[in-house]
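Everything below concerns the one structure shown next.
There are 2 protein chains.
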Amino acid sequence: MKYVTIKDIAKELNVAVSTVSRAFNDKYDIKPETRDRILKKAAEMGYRPNPIARKLVQQRSFNIGIIIPEFENSFFPQVIMGAQEILYQHNYQVLIMQSNESVDLEIMNAKTLVDNMVDGLIISLSGVGNNISYYKELTEKKMPLVFFNRVPENIETSKVVFDDYKWAFFATEHLIHQGFKDILFISGADELILSKNRQRGYDDAHKKHRIQTGKKITCGFSMKDGVQIAKNLITKNSIPRAILAANDACAIGMIRVFKDSGFKIPEDIAIVGFSETKMAAHISPTLTSVEQPTYEIGKAAAQLLLEQLQNKGIHIPQTIVLNGRLNVRESSVVLS
Amino acid sequence: MKYVTIKDIAKELNVAVSTVSRAFNDKYDIKPETRDRILKKAAEMGYRPNPIARKLVQQRSFNIGIIIPEFENSFFPQVIMGAQEILYQHNYQVLIMQSNESVDLEIMNAKTLVDNMVDGLIISLSGVGNNISYYKELTEKKMPLVFFNRVPENIETSKVVFDDYKWAFFATEHLIHQGFKDILFISGADELILSKNRQRGYDDAHKKHRIQTGKKITCGFSMKDGVQIAKNLITKNSIPRAILAANDACAIGMIRVFKDSGFKIPEDIAIVGFSETKMAAHISPTLTSVEQPTYEIGKAAAQLLLEQLQNKGIHIPQTIVLNGRLNVRESSVVLS
DNA sequence: ATTCTTTTCGGAAACGTTTCCGAAAACGTT
DNA sequence: AACGTTTTCGGAAACGTTTCCGAAAAGAAT
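For the protein sequence lines, the chains are A and B, in the order given. Heads up, the first sequence is in our numbering, so the first residue is 46 and it goes up one at a time. Heads up, the second sequence is in our numbering, so the first residue is 46 and it goes up one at a time.
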């Protein structure tokens, strides 16, 4: 590939490269007519500024890195769309990396993004065994960071989270209202604040209604995890009356196994999912699920990052807690 | 952010920067012990090579750009995973951009990736009104390009496609075998070869069985498009007996509308989807769908690109045609 | 016409690498 | 000991920008 450079234009027009540069970033003094002359010639020659050279000298990139654990569920893609919308408006490009639920890959991704001089990072942690020491380093070096959804504890950065406590509480209460007592709690990885908050919501709903809590199982966020757990439950013959699942994928995996084994949903086992995928309204039975405002999460994260980018130096970490909704459907309602 | 550079190491060790550079890319002559000394010091100081500086001087990036039209359906994410697997093995980083089904954004994405000196591009076109003149420029400038799934005509590049003709034929024949005559064909954008091939498959299946073809409607690939078309059909009271949909999302959108309006699937309307999303097996009724080998598509595209990268200069455009499978489920089978 | 401001521009350094060229050091050979 | 080879290294240019500094050109004021 042969690129047209600023030098080519300068030579063609018998001006200095600095003049050409000024024509493009007109914050510096340049006579309007020479600027127009340069711009015209540049367009003619098909010149496009080289962002790599610019990054090198400016030590910034106008790039934002986004790291997500997976994109098989539509949750993260939607968050990205939300973030992109905001960031594009402010002339930032978005680099997306995917860590495949692996902490090591996640850190590697973060490092390559930093090496590539992103101006900031939007991150959702990979499930298990998270390691935030690198992120602590980054905050010390003043790299703007925003976590969302799966956020770490004990680190002073901005965060965008869902009100997991409240909605785990409501979802649990919903199941209790339906008359179910033995409610299994499928939790995400223990390290995630998200899991702890849901646990508290689950516990408090039981406390409020003076019911003993059911069992808890820790699990990942994929359909496979749901399948595995359901199979285990069946072989152990330890079938709960109702389930609060880690997310929709997990719930759907479980439903399939249960249905294949002859259980009726919700008559034998009621189930509630989390984070409302598009599938929820279409599977059979339709799945009751806690809906999260995915686009809003992305937008909020982008905005928080932009704030840090603008008033660099002084940065007060904020946590934005977003609200949701419980979409009640067939999987959790028994007509009596 | 303060970065440790090669100069810092050179100063610390009283050697030239060129020596330090040699220590990292040991294709040049360097005494093993000084190399070890440098590597040790570098690790100590937390040095990481700056890929931006390297790109600038080497005029290459070890980055591959992937451009996809959307990532709400799991189809494209899965393709990306496949491509990443291969590219990572060859030490390429992957930059993902998403063009939101907009041709303009797609071209912009391509340009920014080129500006960022990607070594090659893997592209799936955005639906309507595609504009390949820029891609032609790129091929003339020897930029390695591979298209997949939604590929353009009249351009000499490597491509990875699905055997749309064959599977549209089989899917149509399957519906005919079920006894359906009035089969509506929901096509993707007309510009796409994919659409034309499916059309041919659809037509030929009718010819083979001496049945007159049904109507054809052109449509996008999202659930919204399916919803819109189904609504139109209902208001026009032009309900077909069976439908071959553009993809699963579209099919699912239609199913919902039909079900809401009191139609029974498949008793009143049978339907077949395309490209097998995870949803297909879980919605109600379960959806008959043509399954595409998503990971394989990604892998094949990556491999084709790597070939071009390796023997640069001479490049024989190849087209890989991948095979699929028809998963027959409830939505298209009437027990009689 | 002289001096002083302001506008406009050119030159050059810098960003962090790689890589070419040539010189110094180390080693072999006679 | 003198010379030729090979190994190892330093210096410097280059990649395409931005930006600082200072000088030339243009205008204003006396």
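Glycine included, each C-beta is placed from N, C-alpha and C at the ideal position. Since the structure is predicted, the reported quantities are computational estimates derived from the model, not experimental observations.
Check your understanding: For A/T157 versus A/T184, is the C-beta distance shorter than 8 Å?
Key -> Within the first sequence, numbered from 1, the residue matching residue 157 of chain A stands at position 112. Within the first sequence, numbered from 1, the residue matching residue 184 of chain A stands at position 139. No, Cβ-Cβ distance for A/T157 and A/T184 is not below 8 Å.
Practice item. Check the DSSP bridge columns for B/Q138 and list the partner residues they point to. Key: By one-based count along the second sequence, residue 138 of chain B stands at place 93. B/N108.
Practice item. Identify the contact partners of B/S329 in chain A, using a Cβ-Cβ distance below 9 Å as the criterion. Key: Locating residue 329 of chain B in the second sequence gives position 284, where the first residue counts as 1. Those are H327, I328, S329, P330, T331, listed as they occur along chain A.
Practice item. Compile a chain-ordered list of the residues in the region 297-315 of chain B whose CB is closer than 9 Å to at least one CB of chain A. Key: I297, I300, R301
Check your understanding: Any beta-carbon of chain A closer than 8 Å to the one on B/A213?
Key -> Stepping through the second sequence from its first residue, residue 213 of chain B is reached at position 168. It does not: the Cβ of B/A213 has no partner Cβ on chain A nearer than 8 Å.
Check your understanding: Should A/V379 go down as buried or exposed, given a rule of 16 or more other Cβ atoms within 10 Å for buried?
Key -> Translated into positions along the first sequence, residue 379 of chain A becomes position 334. Burial call: exposed.
Exercise for review: Check each candidate in A/R67, A/N136, A/K100, A/F120 and name the one with the smallest Cα separation from A/V335.
Suggested key: For the purposes of this step, residue 335 of chain A is taken as the residue at position 290 of the first sequence. With distances taken between Cα atoms, A/V335 lies closest to A/F120.
Point to revise | Those runs of the beta strand (DSSP E) which lie wholly inside the region 155-227 of chain A and span at least 3 residues | key: 165-168, 190-193, 203-207
Review point. Listed from N- to C-terminal order along the chain, which residues in the region 116-142 of chain A have their beta-carbon within a distance smaller than 7 Å of any beta-carbon of chain B?
Key: F116, E117, S119, P122, Q138, L140, I141
Point to revise | Rounded straight-line distance, which links the Cα of A/N161 to that of B/D30 | key: Outside the displayed span of chain B (46 to 381) sits residue 30 of chain B, for which this structure offers no information.
Point to revise | Sequence-distant residues of its chain with Cβ nearer than 7 Å to A/S240 (five each side left out) | key: Within the first sequence, the letter at position 195 stands for residue 240 of chain A. Excluding positions up to five away in sequence, the list reads S232, G233, A234.
Check your understanding: Is it true that the CB of B/S376 sits closer than 8 Å to the CB of B/P311?
Key -> Start at 1 with the first residue of the second sequence, and residue 311 of chain B comes out as number 266. Start at 1 with the first residue of the second sequence, and residue 376 of chain B comes out as number 331. It is a contact, given that the beta carbons lie within the stated cut-off.
Exercise for review: Please report how far the alpha carbon of B/L101 lies from the alpha carbon of A/N95, in whole angstroms.
Suggested key: The count along the second sequence starts at 1 and reaches residue 101 of chain B at position 56. The count along the first sequence starts at 1 and reaches residue 95 of chain A at position 50. Approximately 9 Å between the Cα atoms of the pair.
Exercise for review: Indicate, with yes or no, if the ligand FMN has a heavy atom lying under 7 Å from the CB of A/L332.
Suggested key: Absent from the structure shown: the ligand FMN. Ligands present: none.
Practice item. Helix, strand or coil for B/G233, going by three-state DSSP, please let me know. Key: Counting from one through the second sequence, the residue named residue 233 of chain B turns up at place 188. Coil at B/G233, not helix or strand.
Check your understanding: What residue range is occupied by the uninterrupted beta strand (DSSP E) comprising A/G318?
Key -> Position 273 of the first sequence, counted from the first residue, corresponds to residue 318 of chain A. A/G318 -> beta strand (DSSP E) spans 315-319.
Exercise for review: Please confirm if A/M153 has its CB atom under 8 Å from at least one CB of chain B.
Suggested key: What you label residue 153 of chain A is simply residue 108 of the first sequence in a count that begins at 1. No, no contact with chain B.
**Study point:** Anticipated Cβ contact below 8 Å, A/V196 with A/L349, distance rounded
**Key:** Translated into the one-based positions of the first sequence, residue 196 of chain A becomes position 151. Translated into the one-based positions of the first sequence, residue 349 of chain A becomes position 304. So it is not a contact: roughly 12 Å between Cβ atoms.
Exercise for review: On the DSSP bridge assignment, give the partners of A/I365 in chain order.
Suggested key: In the first sequence, the residue the question calls residue 365 of chain A occupies position 320. In DSSP, A/I365 forms a bridge with A/V205.
Check your understanding: Roughly how many angstroms separate the alpha carbons of A/G265 and A/A291, rounded to a whole number?
Key -> Against the first sequence, residue 265 of chain A aligns to sequence position 220. Against the first sequence, residue 291 of chain A aligns to sequence position 246. So the two alpha carbons sit approximately 8 Å from each other.
Check your understanding: Which residues of chain A have a Cβ atom closer than 7 Å to the Cβ of B/I97, listed in chain order?
Key -> The residue you call residue 97 of chain B lines up with position 52 of the second sequence. Result: I97, K100, L101, N161, M162.
Practice item. Please name the residue in A/I274, A/V159, A/Y48, A/Y137 whose C-alpha comes closest to that of B/V49. Key: Within the second sequence, the letter at position 4 stands for residue 49 of chain B. Minimum Cα distance to B/V49 is reached at A/V159.
Check your understanding: Around the C-beta of A/A213, are 16 or more other C-beta atoms found within 10 angstroms, so that it is buried, or is it exposed?
Key -> Your numbering for residue 213 of chain A matches position 168 in the first sequence. A/A213 is buried by the Cβ-count criterion.
Check your understanding: What is the rounded straight-line gap between the Cα of B/T322 and the Cα of B/N118?
Key -> Locating residue 322 of chain B in the second sequence gives position 277, where the first residue counts as 1. Locating residue 118 of chain B in the second sequence gives position 73, where the first residue counts as 1. Using only the alpha carbons, I get a separation of about 7 Å.
Exercise for review: Give me the Cα-Cα distance between A/A346 and A/N70, rounded to the nearest whole angstrom.
Suggested key: Here residue 346 of chain A corresponds to residue number 301 of the first sequence, with the count starting at 1. Here residue 70 of chain A corresponds to residue number 25 of the first sequence, with the count starting at 1. So the two alpha carbons sit approximately 29 Å from each other.
**Study point:** Backbone secondary structure at A/N118 - three-state DSSP
**Key:** As a position in the first sequence, residue 118 of chain A is number 73, starting the count at 1. Reduced to three states, the DSSP call for A/N118 is coil.
Check your understanding: Counting pairs of beta carbons, one from the region 269-281 of chain A and one from the region 241-258 of chain A, are three or more of them closer than 8 Å?
Key -> no
Practice item. Just mark B/A61 as buried or exposed, buried being the case when its beta carbon has 16 or more other beta carbons within 10 Å. Key: Locating residue 61 of chain B in the second sequence gives position 16, counting from the first residue. Exposed: under 16 other Cβ atoms inside 10 Å.
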